[in-house]
Amino acid sequence: MGNEQVDEQALIAAAKANPQNFAAIYDLYFDRIYSYAYNHTGQHADAEDVTAQAFKQAFENLDRFEWRGVPFGAWLYRITSNIITGQLRKSRPSAPFEEAIETPGGNPTPEESFLTGERNSELLDMVRQLPDYQRQAIMLRFGQNLSYAEIADSIGRTEGAVKQLIHRGLSSLRQQLAKA
Numbered sequence: 001m002g003n004e005q006v007d008e009q010a011l012i013a014a015a016k017a018n019p020q021n022f023a024a025i026y027d028l029y030f031d032r033i034y035s036y037a038y039n040h041t042g043q044h045a046d047a048e049d050v051t052a053q054a055f056k057q058a059f060e061n062l063d064r065f066e067w068r069g070v071p072f073g074a075w076l077y078r079i080t081s082n083i084i085t086g087q088l089r090k091s092r093p094s095a096p097f098e099e100a101i102e103t104p105g106g107n108p109t110p111e112e113s114f115l116t117g118e119r120n121s122e123l124l125d126m127v128r129q130l131p132d133y134q135r136q137a138i139m140l141r142f143g144q145n146l147s148y149a150e151i152a153d154s155i156g157r158t159e160g161a162v163k164q165l166i167h168r169g170l171s172s173l174r175q176q177l178a179k180a
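According to my numbering, the stretch in the sequence shown is residues 1 to 180, in order.
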């Protein structure tokens, strides 16, 4: 068990003992949850709403959280994912994924920047078209750098299923890129 997990366990225990201590958990995860929400919603206001709802639900249900060796963040991502999925059922917003797309280092020329932007835009459109679980697994893996175990816990699937979702999603993206 790493120091991060031990510290996280202590934070959770402190928050369960005194609700004011939940602020430390909020500070630890806010940027990651907001980024994840923004990548799915594409709107700052929507991402703020989703993030607020996720932390509210986590706070209200903290006593239900049981430590199972998987980071608290995985539980928080799952709450966030459920909120986003509920919103997606109502409407299908576009989701930026720029943070997960790495561009080559150095100082590109304006033409290279434009072409890279165009390719990224095409890839983002393709990622948005993936089935929900594939899109979520890919965004959590490459956008949030979560492990397969953390992703599995976040979306309520097994590690094997997550690996398969990512494999199928990437295969689909490769096929679409080959056609483009």
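Ideal placement from N, C-alpha and C gives every residue a C-beta, glycine not left out.
Contact holds between the region 47-62 and the region 21-34, because three or more Cβ pairs, one in each stretch, are under 8 Å apart. Counted as a single uninterrupted DSSP element, the stretch harbouring Gln-43 is not any alpha helix (DSSP H), since DSSP gives it neither H nor E. The beta carbon of Arg-168 sits closer than 7 Å to those of Gln-134, all from its chain and outside the five residues before and after it, given in chain order. Taking the C-beta atoms as reference points, Met-126 is found no nearer than 8 Å to Gln-164. Proximity to Ala-47 across Ala-14, Gln-87, Arg-68 and Val-70 peaks at Gln-87, based on C-alpha coordinates. Each of Ile-83, Thr-158, Asp-63 and Tyr-77 was checked against the Cα of Phe-30, and the nearest Cα belongs to Tyr-77. Using a 10 angstroms sphere on the CB of Asp-7, the tally of other CB atoms stays under 16, which defines it as exposed. Phe-59 and Leu-170 have their C-alpha atoms spaced approximately 35 Å apart. For Pro-19, the three-state secondary structure derived from DSSP is helix. Taking 8 Å as the cut-off, the beta carbon of Arg-32 is found no closer than this to the beta carbon of Gly-69. The beta carbon of Leu-173 is closer than 6 Å to those of Met-126 in its chain, skipping five residues each way along the sequence. From the listed residues Asp-49, Leu-62 and Thr-158, the smallest Cα separation to Ala-15 is found for Leu-62. Between Leu-11 and Glu-66, the alpha-carbon positions lie close to 13 Å from each other.
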